[in-house]
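Below is one structure, written out as structure tokens; the observations come after it.
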Amino acid sequence: MKIDQPIQKIFLSLCCCFLFASCRHTATIRYDEDAVPPDQALSTFEVEPGFKIEMIAAEPLVSDPVDMEIDEYGRLYVVEMHGYPIDKNKKGTIVQLSDTDGDGVMDKRTIFLDELILPNGILRWKNGFIVTDAPNVYYIEDTDGDGKADKKEVLLTGFSLSNPHVNVNNPVFALDNWIYLAHFGSIGGRKYEKEFGDKGTEVYFPDQPDS
């Protein structure tokens, strides 16, 4: 596995065409005065002739989305970073969204994995997913088919848990058969040294600490 350190990739835009106006997952949604409700959001987009945008999920079915992946069964796995920007109390989740009636719109939400710190990336891999959640990169899998991940292994660790915009993120399976990760490193400064000053350690495989 190669780690692409110098390149900071912007992962927050991956969901914007599908998941709109995210906010907390609550029973009652309150919008700011200038906010556009999801059912009216489509009319605010301008697209070239021949293209169209369709909404397949919105709050309260999904909230705080930062990345997503789709599996071979048409289910969406959405990474929700509820702790953004500095809450490290493991509020992050990955939810499985499915379309139970075949109308093309997601209507069922299942918590696939919770108690993540500031998760920000997901990649379909083997029978599960690779997930970035500094300081770790995980492999997670649902082994019994109940829609919830019951296997969670640390693939890599040692990344800095710093500003969420530059934490390890966005695993990509490239044409050369390597998986690349973006990682900028620690951004602290004097003002936010407590929140973002973690510099991490050498990145290593837990089962091969000397590699």
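When you read off a place in the sequence shown, starting at 1, and then add 325, the result is the number in my numbering. Idealized CB from N, CA, C, for every residue including glycine. Note that the structure is a prediction, hence the values are computed from the model and not measured.
Report the option in R400, G375 and E405 whose CA atom is closest to the CA atom of E384.
E405
Determine whether the beta carbon atoms of I442 and V420 lie at a separation below 8 Å.
no
State the Cα-Cα distance for the pair K415 and G408, rounded to the nearest angstrom.
7 Å
So A507 packs on M431, CB below 8 Å; how close in whole Å?
In fact, because the Cβ distance is near 27 Å, the residues do not count as touching under 8 Å.
Can you grab the Cα-Cα spacing for the pair D389 / D458, in whole Å?
15 Å
Short Cβ contact (8 Å threshold) for L448 with V493:
no
Restricting to runs no shorter than 3 residues, where is the beta strand (DSSP E) found entirely within the region 451-493?
453-458, 461-466 and 476-482
How long is the line joining the alpha carbons of T422 and V372, rounded to whole angstroms?
According to the sequence displayed, residue 422 carries Leu and not Thr. Whole-angstrom Cα-Cα distance: 26 Å.
For S368, which of helix, strand or coil comes out of DSSP?
helix
Reference N488, options Y398, D412 and E379, closest by Cα
D412
Since I believe E466 is in contact with N445 (beta carbons under 8 Å), could you give me their beta-carbon distance rounded to a whole number of angstroms?
That pair is no contact at about 19 Å.
To which residues of the same chain is V479 closer than 7 Å at the C-beta, ignoring the five residues directly before and after it?
N461, Y463 and P531
Compare the C-alpha of G472 against each of Y505, L486 and D396 and name the closest.
D396
In or out: P410 buried (at least 16 other Cβ within 10 Å) or exposed?
exposed
Backbone CA spacing between G399 and G470 [nearest angstrom]
15 Å
Host beta strand (DSSP E) of Y402 (start-end):
L401 to E405
Who are the Cβ neighbours of L500 in its own chain at under 7 Å, not counting the five residues just before and after it?
none
From D403 to N502, what distance separates their C-alpha atoms?
According to the sequence shown, residue 403 is Val rather than Asp. If I take the Cα positions, the gap works out to 24 Å.
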